[in-house]
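In my numbering, the protein residues as written are 1043 to 1414.
Heads up, the beta-carbon is just placed ideally off N, CA and C, and yes, glycines get one too.
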């Protein structure tokens, strides 16, 4: 058994999309002839009658168009993920390089080796209360008695504590030696459209793609609520739909219902009540939530029947596909992607970095204007 603090995320299967890529590769390698090669020719015979390529073209056109669209979607997803991975590798290695440089400077200043310097960083073992608290918070996922996993939990918490202590030490050295990472974060171009909390012209826009039935989205809600409280004037949170219908059969219904609530400017009361329902979204439950949220029920039913909500959800899902987002929750902080149920501290760290970058940019612009 492994005890882990791994970030939770629900993902869609990409098996159907991979079929298109797989067939394209097979056709290329094996030399399977394509119907679109040009010219009219026989593709089969039944007795004395020939079946011509034009007849086959007519039969395959719709399915081949779907296959081509699936191939294009998968190719876009792979391209985006590849660029995201390339940037992540560069950013990780740059961070290590900076840490190595400041550590070397500090070791030289103290006349010790870098190994001796790191060994002196204090990281006390976890207290018994911390071990028990971790088990209490994760007992459902662990699924074993405390006495059986206490040692593993203690070891994991000790490793986590050591990593936090080392990170804090490196950050202190970065400040001491005025280290600054100049590599720009990778940003996705995401439209901040949809129901929003926070000022329209906030310095930071956080776009969340979420599924009302996703347990990790439910877990992330207190984090986002705290963001709203802690950054009332600087952060705007935008909600976008990504129902994972393969995993959550009622997610599409819930998403469309929330769009109809938004038409009546009651999205956020409806949103909060939906997450409080913790994934139970049969038709009766949704109607009850809508009524309690103060919706006009005739207008609500009319919206659902009109197809407007379904079209809105489809638009959001399409943008998630274009961004290679296949799981929920997915947070984009000024375009910087954070996947899964991310702890408050990690989200706040990215927000603070964006606010710092915004402040630096404004200061530079003001200095340039003053020098003209």
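Measuring alpha carbon to alpha carbon, tell me which residue in the options is nearest residue i.
i, options, result
"residue 1120", "1385, 1375, 1366", "1366"
"residue 1398", "1246, 1383, 1349", "1246"
"residue 1172", "1192, 1347, 1205, 1354", "1192"
"residue 1176", "1166, 1373, 1188", "1188"
"residue 1334", "1312, 1307, 1355, 1203", "1312"
"residue 1382", "1347, 1251, 1342", "1251"
"residue 1143", "1115, 1222, 1320", "1222"
"residue 1123", "1230, 1326, 1183, 1099", "1230"
"residue 1128", "1359, 1228, 1099, 1155", "1228"
"residue 1480", "1341, 1318, 1273", "Past the boundaries of the shown model lies residue 1480; the chain is included only from 1043 to 1414, so the question cannot be answered."
"residue 1253", "1138, 1358, 1102", "1358"
"residue 1368", "1088, 1116, 1158", "1116"
"residue 1006", "1157, 1180, 1208", "Nothing can be reported for residue 1006, as the shown portion of the chain is limited to 1043 through 1414."
"residue 1339", "1132, 1306, 1364", "1306"
Using 10 angstroms around the beta-carbon of residue i, count the other beta-carbons present and answer buried if the total reaches 16, otherwise exposed.
i, result
"residue 1331", "buried"
"residue 1062", "Reliability fails at residue 1062, whose pLDDT of 42 lies under 50, so the model's placement of it is uncertain and the value that follows must be treated cautiously. Its Cβ being crowded by 16 or more others within 10 Å, residue 1062 is buried."
"residue 1401", "exposed"
"residue 1239", "buried"
"residue 1150", "exposed"
"residue 1275", "exposed"
"residue 1396", "buried"
"residue 1295", "buried"
"residue 1290", "buried"
"residue 1052", "buried"
"residue 1349", "exposed"
"residue 1318", "exposed"
"residue 1351", "buried"
"residue 1249", "buried"
"residue 1355", "buried"
"residue 1088", "exposed"
"residue 1232", "buried"
"residue 1131", "exposed"
Taking residue i and residue j to be in contact with their CB atoms under 8 Å, please state how far apart those CB atoms are, rounded to whole angstroms.
i, j, result
"residue 1388", "residue 1379", "Going by Cβ atoms, the distance from residue 1388 to residue 1379 rounds to 12 Å, so no, they are not a contact pair."
"residue 1258", "residue 1371", "6 Å"
"residue 1278", "residue 1242", "7 Å"
"residue 1284", "residue 1362", "5 Å"
"residue 1286", "residue 1297", "With 8 Å as the limit, residue 1286 and residue 1297 do not qualify as a contact, their Cβ atoms being about 10 Å apart."
"residue 1096", "residue 1082", "6 Å"
"residue 1216", "residue 1154", "At roughly 19 Å, the Cβ-Cβ gap does not stay under 8 Å, so residue 1216 and residue 1154 are not in contact."
"residue 1280", "residue 1315", "Going by Cβ atoms, the distance from residue 1280 to residue 1315 rounds to 19 Å, so no, they are not a contact pair."
DSSP puts residue i in a beta bridge; with which residues?
i, result
"residue 1282", "1251"
"residue 1121", "In the DSSP output, where bridge partners are listed per residue, residue 1121 has none listed."
"residue 1238", "1280"
"residue 1093", "1086"
"residue 1373", "1250, 1380"
"residue 1052", "1370"
So, for residue i: in the same chain, excluding its five sequence neighbours on each side, which residues have a beta-carbon less than 6 Å away from its beta-carbon?
i, result
"residue 1065", "Only weak support exists for where residue 1065 lies, its pLDDT of 41 falling under 50; the coordinates are left without a value."
"residue 1072", "Bear in mind that the predicted position of residue 1072 carries a pLDDT of just 41, short of 50, making it too unreliable to give a figure here."
"residue 1328", "1299"
"residue 1244", "1276, 1277, 1278"
"residue 1268", "1386"
"residue 1236", "1280, 1281, 1282"
"residue 1342", "1302, 1332"
Can you find the residues in the same chain that come closer than 7 Å, C-beta to C-beta, to residue i, ignoring five residues on each side of it along the sequence?
i, result
"residue 1168", "1196, 1199, 1200, 1203"
"residue 1303", "1309, 1312, 1332, 1335, 1337"
"residue 1255", "1290, 1292, 1293, 1296, 1321, 1323"
"residue 1376", "1229, 1246, 1247, 1396"
"residue 1159", "1145, 1148, 1149, 1152"
Please work out which residues of its chain come closer than 8 Å, Cβ to Cβ, to residue i, disregarding the five sequence neighbours upstream and downstream, and give them in chain order.
i, result
"residue 1057", "Here residue 1057 scores only 49 on pLDDT, less than 50, and its place in the model should not be relied on; the value that follows carries that caveat. Nothing meets the Cβ criterion."
"residue 1136", "1223, 1225"
"residue 1147", "1215, 1219"
If you measure from the CB of residue i, is any heavy atom of the ligand MN nearer than 6 Å?
i, result
"residue 1341", "Although the ligand MN was asked about, the structure shown includes no ligands whatsoever."
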